[in-house]
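Beneath this line is the structure, given in structure tokens, with notes to follow.
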Amino acid sequence: MKKYIGTRLIESLAAILVITILVFALTHMSGSPVDALLPQDATQDQIDALVAQWGLDQPLAVQYLTFLKNALAGDFGDSLKWRGYSAMGVVLDRFPQTLLLGGVAVAISVIVAIPLGVMAAMNRNGPLDRGAQIFSLFGQSVPQFWFAILLIWFLAVALQLVPTSGSGSWRHLILPAIAMAWFQIAALSRLTRSAMLDVLDAEYIKLARVKGVREARVVWVHALRNAAVVPLTYFGVLAGSVLTGSVTIETVFSWPGLGWVAIEAIRARDFPVVQAVVVIFAIIYIVSNFLVDILNAYIDPRVRS
Amino acid sequence: MKDTFTETVLEVRGLTTTISGKRGEFTAVENVDLTLKRGETLGLVGESGSGKSLTGLSLLRLVPKPAARIAAGSVVLDGIDLMSLTEDQMRQVRGRKISMILQDPQTSLNPSFTVGSQIAEALALHTDTPRKSLRDKAIEMLRRVRVAAPEHRVDAYPHQMSGGMRQRAVGAVAISCAPDVIIADEPTTSLDVTVQAQYIRLLQELQRESGMGIIFITHDFGIVAKVCHRLAVMYAGQIVETGPVAQIFDQPLHPYTRALLSSVPKLHGQIGRLPSIEGTPPPLWDRPRGCKFSPRCPLADHRCRNEEPPTVDSPAPDGSEHWARCWKPEAI
Chain A
14 MKKYIGTRLI
24 ESLAAILVIT
34 ILVFALTHMS
44 GSPVDALLPQ
54 DATQDQIDAL
64 VAQWGLDQPL
74 AVQYLTFLKN
84 ALAGDFGDSL
94 KWRGYSAMGV
104 VLDRFPQTLL
114 LGGVAVAISV
124 IVAIPLGVMA
134 AMNRNGPLDR
144 GAQIFSLFGQ
154 SVPQFWFAIL
164 LIWFLAVALQ
174 LVPTSGSGSW
184 RHLILPAIAM
194 AWFQIAALSR
204 LTRSAMLDVL
214 DAEYIKLARV
224 KGVREARVVW
234 VHALRNAAVV
244 PLTYFGVLAG
254 SVLTGSVTIE
264 TVFSWPGLGW
274 VAIEAIRARD
284 FPVVQAVVVI
294 FAIIYIVSNF
304 LVDILNAYID
314 PRVRS
Chain B
9 MKDTFTETVL
19 EVRGLTTTIS
29 GKRGEFTAVE
39 NVDLTLKRGE
49 TLGLVGESGS
59 GKSLTGLSLL
69 RLVPKPAARI
79 AAGSVVLDGI
89 DLMSLTEDQM
99 RQVRGRKISM
109 ILQDPQTSLN
119 PSFTVGSQIA
129 EALALHTDTP
139 RKSLRDKAIE
149 MLRRVRVAAP
159 EHRVDAYPHQ
169 MSGGMRQRAV
179 GAVAISCAPD
189 VIIADEPTTS
199 LDVTVQAQYI
209 RLLQELQRES
219 GMGIIFITHD
229 FGIVAKVCHR
239 LAVMYAGQIV
249 ETGPVAQIFD
259 QPLHPYTRAL
269 LSSVPKLHGQ
279 IGRLPSIEGT
289 PPPLWDRPRG
299 CKFSPRCPLA
309 DHRCRNEEPP
319 TVDSPAPDGS
329 EHWARCWKPE
339 AI
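The listed protein sequences correspond, in order, to chains A and B. Per the numbering used here, the very first residue in the first sequence carries number 14; after that it's consecutive. Per the numbering used here, the very first residue in the second sequence carries number 9; after that it's consecutive.
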């Protein structure tokens, strides 16, 4: 198990390193920031000064190493759009909001989707299964922003149960969290269902019943433990999509999170902030997949060896 | 094979199990009668799809839901009619009084739990073994099924064990609560020949130690000759012949039994092509009228094809039961 975790850890670090290279390369391929920073009638001296200030006249390799050194210290330079703030400062300021929203959405989706998937499998082709299927079809085919607007119209405007947008209290969290969880529930519950159906046919499920194990335990312990690997692996992907998906949801609900920062920074070609956001996104993505791998190994002994 | 068994432990009468599917409801196990004495091994033999496994599962009331349904019959185990129990009462009988060894050791242990915990689970359910000694009990069970180094194997996961070892562990699960009856559903089919022989010897030893009755589902007459005391031959969901093994091998009554026996290769037999039975068994949803074997039977006539055959008795010299369901029982 230790060896397995060690290997995964090294892989994760390598992935983060590769991402810093990509981030560095992409921002340099998307045009010079000098054009965005200086007015069109800037003099050559002004341009030269700025280039020297940012180290843009250095060889790319040197620029990258400088970038990496600073990045390791959390320093991505100063934001170009939000004057007076460091890029990392802007990101860290908004990060907790995204983590809160994403965390709540993921929690809702797991709590709803896993039992829903299991029960759908137990009532295969029954009314509950059909209902869950229709629900999932909607969840996966309806665009998130449109569903979000429907939620606002119905729960916030018509019924006036919750605020339409903004942040500040747990009541503000409800709509964006539901909107975000909706898609995940759709995907996770279907995956859980099909994994359970596979597992329920297995001989070892029959053996558990032969032993006289209670049906509830057969389903929720003997079967789910083996079926869980599939939705769990997908969960690693989902955790990432929560962050990228947050761009839409945060915009619709004016939620002051990272997604919103990312959009604004890209528009302003604020490359220090974009770099910081992308690296943070990537790290979260890799960390969540790392955790999923470890959980997988914990659940399935075959993964360990 | 001269043992005489007196105390009946399992008595099955008129067991009928139906399956409903796209083709409507059809009978897959029809009117099955079986008697098993304590300490006895009864072979249940037939081709694939003849209803052997479904019969085994029916005895445990574990037919695949919702397609299959036990439609009629009584299964009396040690004086209790299992068909009259509630699901919860039945659950307490399973594993404790009647158990089953499944066919495929590759897949019949849960890959996510240690072998020890899977044995301990049955013990915890049905015995009042204190929690602390469950592990020791599991080790003891592994030792009883002759698993080497049981203190280590108890914490192993199924994927860390060989096929033969796993099937022993499955056996340990089955015998853990000292059941009266074990149904062994082709337990050696997927093992290689030497491991197969060891496993069969093990089952016999366990049976001698505990006096449990075994229903051995197989299609292998070699195994039947080695381990079974009595034999029930199944064809298309019915028992077509039953009796002591030696008697049936000597004087098979039913043409199907005769054909099955003659298709078994013999060490000292003639060299040449093995005889085989013409045709294939009928699908269960479309069984012929009259005798189910009549379309493949060389002796079949008009009556065989239209009227359900009677049960013909031909008791063995020692008086034990031997009958066949046939219009033209040959040995008489």
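Think of the CB as a built atom: it goes at the ideal place given N, C-alpha and C, for glycine as much as any other residue.
Between T265(B) and V241(B), the C-beta gap is smaller than 8 Å, which places the two residues in contact. Under the 10 Å beta carbon count, G230(B) is surrounded by fewer than 16 other beta carbons and is classified as exposed. Short of 6 Å from the beta carbon of E33(B), and not among the five residues preceding or following it, lie these beta carbons of its own chain, in chain order: T26. Considering only S56(B), G22(B), T35(B), the residue with the shortest C-alpha distance to D228(B) is S56(B). Residue environment: A192(B) is assigned as buried (16 or more neighbouring CB atoms within 10 Å of its CB, all protein chains considered). Two segments are said to touch when three or more pairs of C-beta atoms, one from each, lie closer than 8 Å; by this definition the segment 85-105 of chain A does not touch the segment 165-183 of chain A.
Look at the beta carbons and you see the segment 231-241 of chain A not touching the segment 290-305 of chain A: under three pairs across the two are nearer than 8 Å. Taken in chain order, the complete alpha helix (DSSP H) segments of 4 residues or longer contained in the segment 186-250 of chain A are 216-224, 237-240.
The segment 80-134 of chain B is shown to contain whole beta strand (DSSP E) runs of 3 or more residues at 106-109, in chain order. Annotation for V274(A): V103, V104, R107, V286, V290 place their beta carbon closer than 8 Å to its own, counting only its chain and skipping 5 residues before and after.
Straight-line measurement puts the Cα of T24(B) at about 16 Å from the Cα of L18(B). Y311(A) sits exposed, since fewer than 16 C-beta atoms from the chains shown fall within 10 Å of its C-beta.
Beyond the five residues adjoining it in sequence on each side, I285(B) comes within less than 7 Å, by CB distance, of A267, S271, R304 in the same chain, given in chain order. When C-beta distances to chain A are compared with 9 Å, the residues of the segment 129-141 of chain B below that value are E129, A130, L133, H134, in chain order. For P252(B), the three-state secondary structure derived from DSSP is strand. V37(B): member of the beta strand (DSSP E) spanning 32-45, first to last residue. Beta-bridge annotation (DSSP): Q206(B) is not paired with any residue. Chain-ordered, the chain A residues with CB closer than 9 Å to the CB of V181(B) read L220, V223, K224. For a Cβ distance threshold of 7 Å, residue set A215, E216, Y217 of chain A lies close to T115(B), ordered along the chain. Chain-ordered, the chain A residues with CB closer than 8 Å to the CB of R102(B) read R222, V223, K224, G225. As computed with DSSP, Y243(B) is found in a beta bridge with Q246(B). Residues T24, T25, T26 of the same chain have their beta carbon placed closer than 7 Å to that of A79(B), with the five preceding and five following residues left out of the count.
By the 16-neighbour rule on beta-carbons within 10 angstroms, Q255(B) is buried. Where G51(B) is concerned, the enclosing beta strand (DSSP E) starts and stops at 49-53. Within chain A, V223 have C-beta atoms less than 7 Å from the C-beta of M108(B), given in sequence order. If one requires a minimum length of 4 residues, the alpha helix (DSSP H) runs lying completely within the segment 278-317 of chain A are 284-312, 314-317, in chain order. Proximity to Q288(A) across K16(A), I29(A), K15(A) peaks at I29(A), based on C-alpha coordinates.
Rounded to whole angstroms, the gap between the alpha carbons of R222(A) and I307(A) is 30 Å. Note on T14(B): under 16 other CB atoms within 10 angstroms of its CB, so exposed under the neighbour-count rule. Rounded to whole angstroms, the separation of the alpha carbons of L261(B) and E249(B) is 7 Å. The alpha-carbon of I34(A) is positioned some 22 Å away from that of Q66(A). Spatial neighbours of G29(B) in its own chain (CB-CB distance under 7 Å, excluding positions within 5 residues in sequence) are listed in chain order as A75.
By the criterion of a C-beta distance shorter than 7 Å, R69(B) is surrounded in its chain by I78, L90, M98, once the five residues flanking it on both sides are discounted. Residue burial is scored here from C-beta neighbours: S61(B) has at least 16 other C-beta atoms within 10 angstroms and is therefore classed as buried. Assignment of S259(A) by DSSP, reduced to helix, strand and coil, places it in the helix class.
Contact between G179(B) and V153(B) holds, with the beta-carbon distance rounding to 5 Å and staying under 8 Å.
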